Amino acid sequence: MAKEIICAGFGGQGVLTAGMLLINAGMEQDKNVLFYPSYGSEMRGGTANCTVKISDKLIASPVSKHPDILFTMNTPAIDKFEDRLKPGGLLLVNSSIVPEDRKYREDIKVVKIPATDIAAEVKNPKGANLVMLGALAAHSDLFTIEYMETAIVSFFEKKGKGKYNEKNVACYRRGVEGR
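In terms of the UniProt record's numbering, the sequence shown has 31 at position 31, counting the first letter as 1, and numbering is strictly consecutive.
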């Protein structure tokens, strides 16, 4: 098993946290992982992305020329990375922010999820990234749906933020459902 994922969006949308959640889930399964963040100096509101690699084998490079999965929180993220996505790859789109009439490559699987809207409905505005992780778990074979939920809960408990797990899990599960 070897998967390459790019998580991208604006600073403050939780794309780096999503990447950390993925690598922690991989580490807990004794996988080799790589997390390579990139963000503008302006942070919140600027661009942010991270490359995540999870593999049974050693990882040779932090560069991901053709990721398997692209996790996008906004239109500029799609503009920047869609062409790099491997044919047959998975493109996750935060349809709350990306225009409905946007055109995508024909050779990839596109999953649209209104992540920002769902997070607001659950009253967890910082949880849009967790909604997207739910969609990722539902539409890929990276981790089982149940395992990823457990990994998210564990991650936040270790960070001393377990009090938010009820709302975090609600966001994640809505992402799994796709609505």
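Just so it is clear, CB atoms sit at the ideal spot from N, CA and C, and this is done for glycine as well.
All of these numbers come straight from a predicted model, not from anything done at the bench.
| request: Please confirm whether Asn49 and Phe10 have their CB atoms less than 8 Å apart. | output: No, the pair does not count as a contact, with Cβ atoms beyond the cut-off.
| said: What does DSSP give as the partner residue(s) for residue 200 in the beta ladder? | reply: In this structure the chain extends from 1 to 179, so residue 200 is not present and cannot be described.
| task | Take Phe35 and list the residues in its own chain whose beta-carbon comes closer than 7 Å to its own, dropping the five residues that flank it on each side. | result | Contacts found: Gly19, Met20, Ile23, Cys50, Val52.
| message | Quick check on DSSP: helix, strand or coil for Glu106? | response | coil
| query | Three or more beta-carbon pairs under 8 Å between the region 108–123 and the region 78–90, yes or no? | reply | yes
| request: Would you kindly check if the distance between the Cβ of Asn94 and the Cβ of Met148 is under 8 Å? | output: Contact flag unset, no.
| request: Check whether the region 154–162 touches the region 114–122, counting contact only when three or more Cβ pairs, one atom from each stretch, lie closer than 8 Å. | output: no
| query | Which stretch, first to last residue, makes up the beta strand (DSSP E) that contains Leu92? | reply | 90–94
| query | Which residue from Gln13, Glu166, Gly26 puts its Cα closest to that of Ile5? | reply | Gly26
| field | Inside the region 52–86 only - beta strand (DSSP E) runs reaching at least 3 residues | value | 69–72
| request: Kindly list the residues whose CB is nearer than 7 Å to the CB of Ile145, restricted to its own chain and excluding five residues on each side of it in sequence; keep chain order. | output: Ala137, Ala138, Val176
| query | Should Leu58 and Leu92 be called a contact, given that it needs their Cβ atoms to be closer than 8 Å? | reply | Between Leu58 and Leu92, the C-beta spacing is not below 8 Å.
| query | Straight-line CA distance for Ser61 to Ala2? | reply | 13 Å
| query | How is Ser140 classed by DSSP in three states: helix, strand or coil? | reply | coil
| field | Delimiting residues of the alpha helix (DSSP H) encompassing Gly12 | value | Taken as a continuous stretch (DSSP letters only), Gly12 belongs to no alpha helix (DSSP H), as it is neither H nor E.
| request: Work out the CA separation of Val98 and Thr47 for me, nearest whole Å. | output: 15 Å
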